[in-house]
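Q:
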Amino acid sequence: MNEMTAAVLKRNILIVDDEIINREILGNFLSENYLVTYADNGREALDILASSTRQYSLILLDLIMPGMSGFEFLEYRSRDSALKQTPVIVMTSEKGAEVKSIRMGAADFITKPFGMPEVILARCERIIELSEDKSIIRSIEKDAVTGLYTKEFFFEYVRQLMPRIEGETDAVVLNIDRFRLMNELFGRKEGNAILAKVAELIREVILTVKGIACRAEADTFMVFCAHQEGYPAMLARIQHELSKLTHTLRIRLRAGVCPNTDSSLMVETWFDRAKSACDRIRGDYIRQVELYSTGQHERAVFRERLISDIDKAIANRDIRVYYQPKYRIQGDQPRLSSAEALVRWIHPELGFISPGEFIPLFESNGLIQKLDNYVWREAARQVMQWKETYGVSVPVSVNVSRVDIYDPELEDKLARLLETFHLDPGELMLEITETAYADNADNLIEVVQKLRGRGFMIEMDDFGSGYSSLNMLTTIPIDVLKMDMKFIRNMLRDEKSLRLVELIVDIAQFLGVPVVAEGVEEEAQLRVLKEMGCACIQGYYFSKPVLPADFVPFIEAEQA
Ligand code: C2E
Ligand code: CA
Ligand code: CA
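Quick note, the working numbering runs 555 ahead of the 1-based positions in the sequence shown.
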């Protein structure tokens, strides 16, 4: 901890002077309170400033130097907005040079030969203070409820402290469990009192580790301090104090911690990570402190990568559409009825990425629309091409994400595809997962009705996985029921799944729509499903999803 105290106080100063004796005298004055770096001339100073990960609080600049002089340095600095953030004190023996250097942006000057060390130190201190205040002053300093820093001020402060700290530091995000409930139970005034008390305790506890704290929002606090292991003990101490309050409800804090291992990280991102660690233990009554893990970090980086690569992947055809056949099974022989379009991403560096990985990600940020529009177009083109080449129609079902339902142009987009590729609406079927119906039944039903009005066939995907009540089913317009795979997987292993499969087939019969069973891998499953009256089957038993070229044999087999 003491290391941190010392480090916080030690800002970096760069002394630029070609004369060794000057450097030594000044260095002696300053190194007690500052970390001092030296440069021989302006050029070297620029190199140091550009390549160093440290943040310099002040530059002491000689004017006459070989290479790049002090004036040339000031001239260069005046055109560089980043360099201008660091104040410069000029060291000179000529009276006339002082005014000129102040005009060129220097903050102050020290005359040579150097006078009293105390005076020099005081000047350096004052200039640093002035320049730091300038950037901090913009944000309001304190939060009215708790007296802690506001988030804006806190971030600015952390940004300034960070480069000056040598050891490892932590971003900590603390949250009060069920705070909203307390607010509702005790009222807002009492809620604020709880916040103030928690803030006071946080401040007390972090005093020992020289940390700083803010209230970020509502019941979320942030702490910046030297790296610790002792968070559970700190929380316990706060907890203990809180238990002395008279409330019947137990106030419980949880904390997410992210140690800083990457100095280029933005402060906001760093604290976001601590927050995501904190969020992970929401509702967990055993763990109180969670560390942001490398696993979590790698996942975040991986997801960012997928988001930034999607356009390239579509353009380069790393993302491609595969087709899995569906067979009608009620006749003597299974007959090819249609196919499902399933997207595959084979990334040149990351390898095969499962749709289970990127579909939910793209659903969460809206990119799914872009992906689905691409898949639909590819599928429509494929149906046309098979029709042209083999003279048969193999309808293709495409997946329509719940997010696509909100696209006001959905209907028109799909209709345009039919036009472009000369298809009947029955040749491009739409699979919508059952849980989408539960999300927003009214809106979905309206959209589905419009689509059916245009002749599109709607398949309810993953039926049985969601929450649709039997009652709702009778009002939902659909054309096909696609049974959730998990029932098929277990139907020959446990009685309950088999009963459920039967039940679903019965429901479909009651609704007057055919059932598709997907995930069929074994002949035995097929036999039982056929007996029950299931219309269509999709699954590895016939084929995995394949590229169009590998789908051709299925079409040719029908024609033989
Ligand atoms: P889904 O629509 O329920 O698709 C069926 C999934 O089951 C596919 O996985 C398919 O490869 C797999 N499958 C088919 N037969 C068998 C089998 O016999 N055994 C086993 N174990 N699995 C089988 P996939 O391709 O990984 O897709 C996963 C999910 O990703 C899909 O579930 C669908 O919800 C979504 N998805 C895939 N492509 C798209 C797309 O283009 N757009 C949208 N919005 N979602 C898609
Ligand atoms: Ca599907
Ligand atoms: Ca499915």
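Glycine included, C-beta positions come from ideal geometry on N, C-alpha and C.
1) Going by C-alpha to C-alpha distance, which of S798, D817, A726 sits closest to F776?
2) What distance in whole Å lies between the Cβ atoms of K1037 and F1065, which are believed to be in contact at a cut-off of 8 Å?
3) Quick check: N954 and E982, are their CB atoms within less than 8 Å of each other?
4) Indicate the three-state DSSP secondary structure (helix, strand or coil) for I568 in the structure shown.
5) Just to check, is the beta-carbon of V898 closer than 7 Å to a non-hydrogen atom of ligand 1?
6) For L969, which of N995, R860, S948, G1008 has the nearest alpha-carbon?
7) Given a cut-off of 8 Å on the beta-carbon distance, is the pair R858 and L916 in contact?
8) Taking DSSP's pairing of strands, which residues face V727 in a bridge?
9) Measure the Cβ-Cβ separation of Q502 and K881 and say whether it is below 8 Å.
10) Could you check where the beta strand (DSSP E) with G1119 kicks off and where it finishes?
11) For P814, collect the residues of the same chain with a Cβ closer than 7 Å to its Cβ; drop the 5 residues on either side in sequence, then sort them by chain order.
12) Considering only heavy atoms of ligand 1, does any lie closer than 7 Å to the CB of D873?
13) Which of helix, strand or coil does DSSP assign to F1042?
14) By DSSP, does K1099 sit in helix, in strand, or in coil?
15) Identify whether R883 lies in helix, strand or coil by the three-state DSSP scheme.
16) Rounded to whole angstroms, what's the CA-CA distance from G838 to I914? Just pull it up for me.
17) Between the Cα of I960 and the Cα atoms of Q1004, V951, A1063, V1035, which residue gives the shortest distance?
18) Per DSSP, which residues does Y961 bridge with? Please list them.
19) So what's H795 in DSSP terms, helix, strand or just coil?
20) Taking C-alpha atoms, which residue in S1098, R809, I749, E933 lies nearest to I874?
21) Can you give me the C-alpha to C-alpha distance between R1126 and E964, rounded to a whole angstrom?
22) Using the C-alpha atoms, what's the distance from A637 back to G622?
23) Would you mind working out which of S818, V571, D864, F734 sits nearest L604, comparing C-alpha positions?
24) Only counting the same chain, and skipping five residues up and downstream in sequence, which positions put a Cβ closer than 8 Å to that of I1059?
25) In three-state terms, what does DSSP make of K697?
26) Using three-state DSSP, classify G785 as helix, strand or coil.
27) Cα-Cα, which of E796, N1026, A870 is closest to L756?
28) Which residue's Cα is closest to the Cα of M620: I806, N577, S956?
29) By DSSP, does V953 sit in helix, in strand, or in coil?
30) Under a three-way DSSP split, which group does L820 fall into?
31) Can you give me the C-alpha to C-alpha distance between F664 and D595, rounded to a whole angstrom?
32) Closest to F1097 by C-alpha separation, out of L629, E1076, E1111, would be which residue?
33) In whole angstroms, give me the CA-to-CA distance for I1110 and P980.
34) My output table needs one value for I901: the three-state DSSP class, helix, strand or coil.
35) Span of the beta strand (DSSP E) holding Y593?
36) Beta-carbon of E649 versus every beta-carbon of chain B: anything under 8 Å?
A: Looking at the atomic coordinates:
1) A726
2) Not confirmed; about 16 Å, so no contact.
3) no
4) strand
5) yes
6) G1008
7) yes
8) V778, V812
9) With the chain running from 556 to 1115 in the structure shown, residue 502 is simply not present.
10) This structure leaves residue 1119 out entirely; the chain is present only between 556 and 1115.
11) E723, D725, H782
12) no
13) helix
14) coil
15) strand
16) 27 Å
17) Q1004
18) Paired residue(s): none; Y961 is not in a bridge.
19) helix
20) E933
21) Coverage of the chain is limited to positions 556 through 1115, which leaves residue 1126 absent and any answer about it impossible.
22) 22 Å
23) V571
24) F1018, G1019, L1036, M1038, F1042, V1070
25) strand
26) coil
27) E796
28) N577
29) strand
30) coil
31) 19 Å
32) E1076
33) 21 Å
34) strand
35) 589-594
36) The structure shown has no chain B; it contains just one protein chain.
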